[in-house]
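Residue numbers (the UniProt record's numbering): 1 to 247.
Note that beta-carbon positions come from the ideal geometry of N, C-alpha and C, so glycine has one too.
Please read these numbers as outputs of a predicted model, since none were measured by experiment.
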């Protein structure tokens with residue numbers, strides 16, 4: 001299974017946000033999308049998820065155009081984890097995770113045995129079993145992040161797109177979140193995640209895609225993608241022979 005992005009461009013209104021981006025991702029890969037604020041990472045992920053219609057180009061999953069899928073088919077295929085952690089209703093943790101099964105429910109909206117099993121597995125994978133009866137709004141930021149990750153896992157989609165899933169979390173929760181996503185690739189899932197922490201991106205991601213000003217400017221394994229030239233031109237960090245000169 002593969003994701004193919006061909007000459008993809010998108011805009012917010014009349015303002016271009018991604019420009020002519022192309023790449024391919026195979027199943028079992030954890031791809032880190034990195035770049036400074038405003039580089040287009042979130043816009044790219046939302047376009048891959050089918051939430052933004054491209055101006056040109058296409059996104060193919062197993063040779064099928066993501067943007068011509070029905071909303072239900074797309075929701076089964078792609079699990080989307082937004083950086084916004086707000087939940088609009090007063091729900092328990094289990095109820096929040098159960099929302100991930102919405103694309104699979106029948107006409108009556110009832111949870112099947114398969115749904116219940118997927119929810120239990122997601123709670124276990126995200127280490128949320130002990131939280132299942134608590135109210136989502138009562139949880140810490142790190143706990144909420146784990147619960148929303150569990151909701152994304154409950155979809156059991158082959159492609160997981162996560163926008164800054166570990167931003168503003170304590171180091172332990174950052175490591176936990178990325179370990180959980182990395183474990184999904186060992187189950188044959190494809191994961192693309194945007195990150196600000198370059199050290200974590202290099203540690204956990206099989207490949208990095210570097211964005212700047214809406215364009216893809218570098219890609220490859222961490223050492224290749226984060227060359228001294230890229231660190232300086234994209235991130236403003238002068239780094240030579242393993243030593244930071246200034247930031």
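- Note that the region 153–167 touches the region 177–197; at least 3 beta-carbon pairs, one per stretch, sit closer than 8 angstroms.
- Annotation for residue 9: 16, 18, 19, 20, 54, 55, 56 and 57 place their beta carbon closer than 7 angstroms to its own, counting only its chain and skipping 5 residues before and after.
- Distance from the Cα of residue 174 is smallest, within the candidate group 186, 154 and 203, for 203.
- Nearest neighbour of residue 212 by Cα position, chosen from 164, 38, 4 and 125, turns out to be 38.
- When secondary structure is reduced to three states using DSSP, residue 31 falls in the strand class.
- Contact annotation: the region 82–97 touches the region 144–155, with at least three C-beta pairs closer than 8 angstroms.
- In the displayed model, residue 139 falls within coil according to three-state DSSP, outside both helix and strand.
- With distances taken between CA atoms, residue 214 lies nearest to 35 out of 3, 228, 35 and 4.
- In this structure, residue 154 sits away from residue 180, with a CB-CB distance that is not shorter than 8 angstroms.
- Residue 48 is positioned such that its CB atom lies no closer than 8 angstroms to that of residue 41.
- About 6 angstroms separates the Cβ atoms of residue 209 and residue 31, confirming a contact at the 8 angstroms cut-off.
- The shortest C-alpha to C-alpha distance from residue 221 to any of 236, 231, 229 and 205 is the one to 205.
- In the three-state DSSP reduction, residue 185 falls in the helix class (H, G or I).
- For the region 47–82, the full-length alpha helix (DSSP H) segments reaching 4 residues or more read 71–77 along the chain.
- DSSP lists 79 and 191 as the bridge partner or partners of residue 160.
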